[in-house]
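First residue of the sequence shown: 57, per the working numbering; consecutive thereafter.
The beta carbon of each residue, even a glycine, is placed where N, CA and C say it ideally should be.
Just so it is clear, the structure is predicted and the values come from calculations on it, not from any experiment.
Some notes on the structure that comes next.
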Amino acid sequence: MRRFAVFGLAFGFIASGCGGGGSSVQPRPQPAPTATPSAPAPTATIAFAIKIPARAGSGKQRRPRYVSPATQVVQISVNGGAPTTYLVSNGQPCTNPAPPPQTGTCTVYSVQAPVGTDTFAVTLLDGSNHVLSSGTVQQTIVQDQTNTVNVGFDGTPASLRLSVSNPAPPTGTATRFIVTAHVFDADGFTIIGAPGNLPTLTITDSDSSGATGLYLATSDSSGYQTCASQAAPPSTSVATTLYIEFGTSFYTNTCLAYNGQAIPAATLTASAPGLSSATATFAPVAQSHPSGAWMYGRDSNGNIALERFDANMAPQTEITGSNTQLQLGPGISGFAADAAGNVYTLNGTQINMWPSTASGNVAPTSSTSFTCPSCTGGAVPVYLALDGHGGAYFGVPPANSNSCTINHVALTGSTATATEVVSSNDCGALSGGRLMQLATDGQGYVYVGVQAGYSKPNAVGRYAIGAGGSLTLDAALTVIDPRFTVDSLGNVFAGDPLQEYPAGQFVHGQRVQVSNQPNDVWPVGYIAGIDAAGNVFGNQRGITTGAVVVPYGSRTVSASANFSPIFVAGIR
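Below, the structure is given as structure tokens:
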């Protein structure tokens with residue numbers, strides 16, 4: 057956790073000799089024959105300017121500021137003398153555009169300090185006289201010139217708060233989380249920033265089973281804190297340390313390793329001398345959503361097959377053989393799976409379905425043969441995306457042009473007629489290039505990837521699903537690899553290796569050129585799919601054979617299988 061020292065600038069304006077009368081020091085009188093009291097030491101009047109920031113939002117969730125917004129009292133002591141109290145709220149002696157809780161600059165004009173080396177101690181308090189921060193500085197005050205005094209304020213810790221980045225993850229997946237401790241002042245504002253009097257925090261884990269463990273984050277090659285590697289094995293207790301970056305100190309991140317096992321709720325506790333402890337609960341929940349993936353490609357024996365894998369890449373069932381129709385006609389050109397684990401293939405103008413438990417040399421349980429008015433000039437339907445309501449989308453790239461149409465068809469299990477829902481003009485407006493992918497997120501959107509054509513860049517368009525399967529272009533990301541998959545939250549994973557483009561980058565009614573530095577990178581190729589648990593399945597990069605899985609919350613391959621995927625569909 058970060059903390060900082062608060063900086064207020066104190067400006068000294070000159071004054072005169074004793075008591076501040078006059079603009080210069082009067083010469084001493086000539087000595088009298090008899091002893092007389094010596095003249096008082098000359099003093100200067102110092103003005104301190106302290107900016108009080110506004111209370112943002114609720115007053116508790118704010119961006120870091122230099123001085124607590126709760127500051128209402130300033131106390132200044134010179135050379136260890138009794139402090140003088142100045143109220144911020146009534147405007148005297150502070151000059152404020154408006155009293156707190158609005159922002160203002162408190163300028164204290166009447167501080168008297170002897171000319172020479174002085175020690176200034178400044179304390180900032182709230183309206184109940186709770187100390188929020190304080191600072192001490194030694195400064196030489198020179199008579200008859202402007203003196204500038206810089207005072208650094210250290211926040212005064214009053215309470216702790218502890219949180220886990222995901223306090224209730226699904227069981228079954230090994231991953232890691234960030235444990236964050238915050239230190240607050242007496243009015244609940246976070247203290248972050250430069251070194252000062254913040255305490256060392258000790259964080260403990262009540263789970264002793266070995267399913268969880270704490271360790272300190274390390275710095276990657278770019279200097280960023282990461283939980284990806286461990287300098288020491290996870291334990292039930294760690295003490296935070298501070299590191300300095302750009303002159304500012306931060307608490308080293310604490311990481312919580314979790315092996316995916318079901319455990320009773322664990323209590324994490326943060327403690328520090330002089331402060332009450334803070335706790336957070338880590339309680340994994342049984343995974344209730346479907347997981348795993350179906351893959352179409354060649355199995356370990358070189359056979360064309362459909363194979364289902366669980367979240368750990370363990371084979372569950374395989375469909376292969378002459379009765380499967382996997383090698384008929386033009387071949388499989390589209391692939392999808394639903395939340396029940398059923399698998400679908402697009403083969404020419406036929407969509408076949410097998411249930412989740414199908415195995416061996418078995419024919420499809422259900423087949424929908426459709427007529428395709430858009431399939432002219434030898435065009436063949438490609439890609440397949442389920443609408444979640446008993447229908448499916450497929451694309452039709454014209455045989456001799458860089459364009460496309462998107463069609464919708466009801467999965468009747470017999471015959472049907474497809475309806476064009478995105479025309480070639482609409483699809484061309486997206487990018488003007490070649491259709492590369494279709495996907496749905498289960499949240500009412502269809503995603504279309506189009507390769508660059510004419511003067512337009514690559515794009516992934518997001519279409520809103522309407523009545524009867526109709527589609528309306530809602531938003532688009534441009535300058536993006538059009539080979540992609542999408543998760544159930546609408547985050548797009550595109551390219552080779554996969555790179556994440558968060559759903560928040562889509563802006564309704566706009567084409568947004570995405571950043572060259574997307575949010576994250578997965579060690580998986582573009583032939584990929586994501587299940588409802590967030591596990592990423594795909595082809596092993598740089599190797600012609602092999603399928604892998606990257607667990608949710610991780611960026612590391614956890615398991616592989618001897619299978620060469622052509623299509624991958626996560627179960628969700």
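- With distances taken between CA atoms, T268 lies nearest to L324 out of L324, L440, N417 and L362.
- Taken through DSSP and simplified to helix, strand or coil, Q201 comes out as coil.
- The three-state reading of DSSP puts A100 in strand, counting E and B together.
- Using a Cβ distance threshold of 9 angstroms, N514 and D537 count as a contacting pair.
- Straight-line measurement puts the Cα of A474 at about 11 angstroms from the Cα of G524.
- A Cβ-Cβ separation of about 5 angstroms places G505 in contact with V516 under the 8 angstroms criterion.
- Excluding residues up to 5 positions away in sequence, G451, P453, C483 and L491 lie with their Cβ nearer than 6 angstroms to the Cβ of C460 in the same chain.
- For A531 against F365, the beta-carbon gap comes to about 33 angstroms, at or over 8 angstroms, which does not count as contact.
- Within 10 angstroms of the beta-carbon of L440 lie 16 or more other beta-carbons, which makes it buried.
- With contacts defined as CB atoms closer than 9 angstroms, G316 and A224 fail to qualify as a contacting pair.
- A direct Cα-to-Cα measurement between Q128 and V178 gives close to 13 angstroms.
- With a 10 Å radius around the Cβ and a threshold of 16 neighbouring Cβ atoms, L545 comes out exposed.
- Straight through space, the alpha carbons of T612 and N408 are spaced by roughly 34 angstroms.
- If you ignore the 5 residues before and after S221, its C-beta comes within less than 6 angstroms of the C-beta of F233 and I234, all in its own chain and listed in chain order.
- Here the alpha carbons of T274 and A287 stand approximately 7 angstroms from one another.
- With the rule of 3 Cβ pairs closer than 8 angstroms, the stretch 335 to 342 does not count as touching the stretch 577 to 585.
- Secondary-structure assignment with DSSP links H564 through no beta bridge to anything.
- Between T260 and L270, the C-beta spacing is below 9 angstroms.
- Per the C-alpha coordinates, the member of F593, T424 and I132 positioned closest to L467 is T424.
- Within a 10 Å sphere around the beta-carbon of T202 sit fewer than 16 other beta-carbons, which makes this residue exposed.
- The C-alpha of P329 lies about 7 angstroms from the C-alpha of P255.
- Beyond the five residues adjoining it in sequence on each side, A169 comes within less than 7 angstroms, by CB distance, of T99, A100, I102, V134 and I197 in the same chain, given in chain order.
- Collapsing the DSSP output to three states places G505 in a strand.
- Cβ neighbours of Q561 within its own chain (closer than 7 angstroms, five residues either side excluded): L533, V568 and V570.
- Pairing V580 with G594 gives a Cβ-Cβ distance under 9 angstroms.
- In the three-state scheme derived from DSSP, where H, G and I count as helix and E and B as strand, G524 is classed as helix.
- Counting C-beta atoms within 10 angstroms of its own C-beta, A214 has 16 or more neighbours from the protein chains shown and is therefore classed as buried.
- Annotation for V178: the continuous beta strand (DSSP E) segment containing it runs G172 to L181.
- DSSP places N206 within a strand segment (E or B) once states are collapsed to three.
- Per DSSP, the beta-bridge partners of C311 are I234 and Y271.
- Across the set P371, D210, A589 and G348, the C-alpha of D210 shows the shortest separation from the C-alpha of V123.
- The distance from the Cβ of P420 to that of Q381 is about 6 angstroms, consistent with a contact at the 8 angstroms cut-off.
- Excluding sequence positions up to five before and after Q131, its CB lies within less than 6 angstroms of the CB of P139, T141 and T179, all in the same chain and listed in chain order.
- T380 sits in a helix when the DSSP states are folded into three classes.
- For L143, the closest C-alpha among the options V606, T471 and G183 is that of G183.
- Out of F540, G377, R539 and P371, the CA that lies nearest to the CA of A361 is found in G377.
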